[in-house]
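Visitor:
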Amino acid sequence: MTILKCSAANCIYNKDQLCSRGNIDINGKNAASPNETNCDSFQERSGSSVTDRYSCGCGCEKIQIDCQAHNCTYNSDCKCTASSIQVEGSGAHSSADTKCSTFQYL
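The numbering used here runs 120 ahead of the 1-based position in the sequence shown.
(1) Looking at the structure shown, is D217 part of a helix, part of a strand, or coil, going by DSSP?
(2) Whole-angstrom Cβ separation of F162 and A129, contact assumed at under 8 Å?
(3) Quick check on the burial criterion: 16 or more other C-beta atoms within 10 angstroms. Buried or exposed for C220?
(4) So if DSSP puts D186 in a beta bridge, which residue, or which two residues, is it bridged to?
(5) Taking C-alpha atoms, which residue in I146, L124 and I132 lies nearest to C198?
(6) Between which two residues does the beta strand (DSSP E) holding C126 run?
(7) Check this for me: beta carbons of N158 and S215, under 7 Å apart or not?
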């Protein structure tokens, strides 16, 4: 599993820069840079969704990452092989506002 740090504090799964979801999906099928990737699992906090999902998760540091960024050096059969990644999304309102800053083009 990969160590994850996430700055998307507006995500309902973000708990102290860790992820309470347990696994995430990274998109960017034809990406050539980190800006062309995003965390498809991102969901903005709003209303009752904040307490429904945020409070029930653990805020895990190591999680499973499914990756569709086929041009990334860390992608092996759609799984992330990096020892750690950083998902950025400070102030994000949708998954398009996030990115995997660890992405490295082949």
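Glycine is no exception: its CB is placed at the ideal position from the N, C-alpha and C atoms.
Guide: On the basis of the coordinates in this document:
(1) Looking up residue 217 in the sequence shown gives position 97. Residue state, collapsed to three classes: helix.
(2) Counting from 1 along the sequence shown, the entry for residue 162 is found at position 42. Counting from 1 along the sequence shown, the entry for residue 129 is found at position 9. That pair is no contact at about 11 Å.
(3) Here residue 220 corresponds to residue number 100 of the sequence shown, with the count starting at 1. By the neighbour-count rule (16 or more Cβ atoms within 10 Å), C220 is buried.
(4) As a first step, residue 186 must be located in the sequence shown, where it is residue number 66. Partner(s): D145 and K199.
(5) Residue 198 sits at position 78 when you count from the first residue of the sequence shown. Closest by alpha carbon: I146.
(6) By 1-based counting over the sequence shown, the position of residue 126 is 6. It spans T122 to C126 - the beta strand (DSSP E) in which C126 sits, taken as one unbroken run.
(7) Looking up residue 158 in the sequence shown gives position 38. Looking up residue 215 in the sequence shown gives position 95. In contact: N158 and S215 (Cβ atoms closer than 7 Å).
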